[in-house]
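Residue numbers (this note's numbering), protein chains in the order written: chain H, 5 to 123; chain U, 976 to 1129.
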């Protein structure tokens, strides 16, 4: 149940997030007039892109929520979120790139990460 | 005694199944669907009584958060009713709603909710019968699905 509530909170952050909101708002122009290069995205392709973006954002928000509670290793994140470790590593790399996560130390052989507080 | 207990337990399970009254939340847009619901009411069309209507100025006013919060707080199903495409009072609100609902259906699936628990329907002000039919169909669908996972269902 707690996991499901965490997912609901992550979903709320996902639908409030810039990436998903931007994609939803741009559907009309992307599927009719096209992007800045004039490339028109088909409806099917658009649906795939939105679903993929939402799924990725949901996982990232779940990870961020976990790391807001305190430093976590990849192994600990895997135990609480059930996201495969290979995916977790990819998400951590992306989150570090956007400066949403930082490494704070080591726990044994594993680096610990924590969410950077929101301004 | 044990026979009674067995009998009671089996009948209780059956009663729960029969007595399951889904809690449905219906968001109606002010200009079309709410008037449609009103028409269904004044026409005395028979509908199951287990839904609650929230009037919003446009179906696009239904923030995805409202839907997620509704499920979080125990709603078994959420119906969003808006104007037909191209009939929106605010020009394109219902197109936005359509995109959001498609996204939400995908999101709620990840929590173990059946996407059929969320429905989007276009109901105009003159479609009282369509509103009634939608409510009856949606209630039956949710009854088949059973209680929401948040209320102990699957």
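Built from N, CA and C at the ideal position, the CB exists for glycine as well.
Check	Outcome
Below-8 Å beta-carbon distance, residue 1087 of chain U vs any chain H residue	yes
Proximity test, Cβ basis, 8 Å: residue 31 of chain H and chain U	yes
Reduced DSSP category for residue 1019 of chain U - H, G, I as helix; E, B as strand; rest coil	coil
Candidates U/995, U/1039, U/1026 and U/1030: closest to residue 1078 of chain U by CA position	U/1039
C-alpha distance - residue 71 of chain H paired with residue 45 of chain H, whole-angstrom precision	36 Å
Residues near residue 1047 of chain U in its chain [Cβ-Cβ closer than 7 Å; skip 5 each side]	1125
Nearest-angstrom Cα separation, counted from residue 43 of chain H out to residue 34 of chain H	8 Å
Within 8 Å, strictly: CB atoms of residue 1008 of chain U and residue 1113 of chain U	no
Terminal residues of the alpha helix (DSSP H) in which residue 14 of chain H lies	6-20
Buried or exposed by the 16-neighbour rule on C-beta atoms within 10 Å, applied to residue 1018 of chain U	exposed
Supposed contact pair residue 1081 of chain U and residue 58 of chain H - C-beta distance, whole angstroms, cut 8 Å	6 Å
Minimum Cβ-Cβ distance from residue 1082 of chain U to chain H less than 8 Å	yes
For residue 26 of chain H, the three-state DSSP class (helix, strand or coil)	helix
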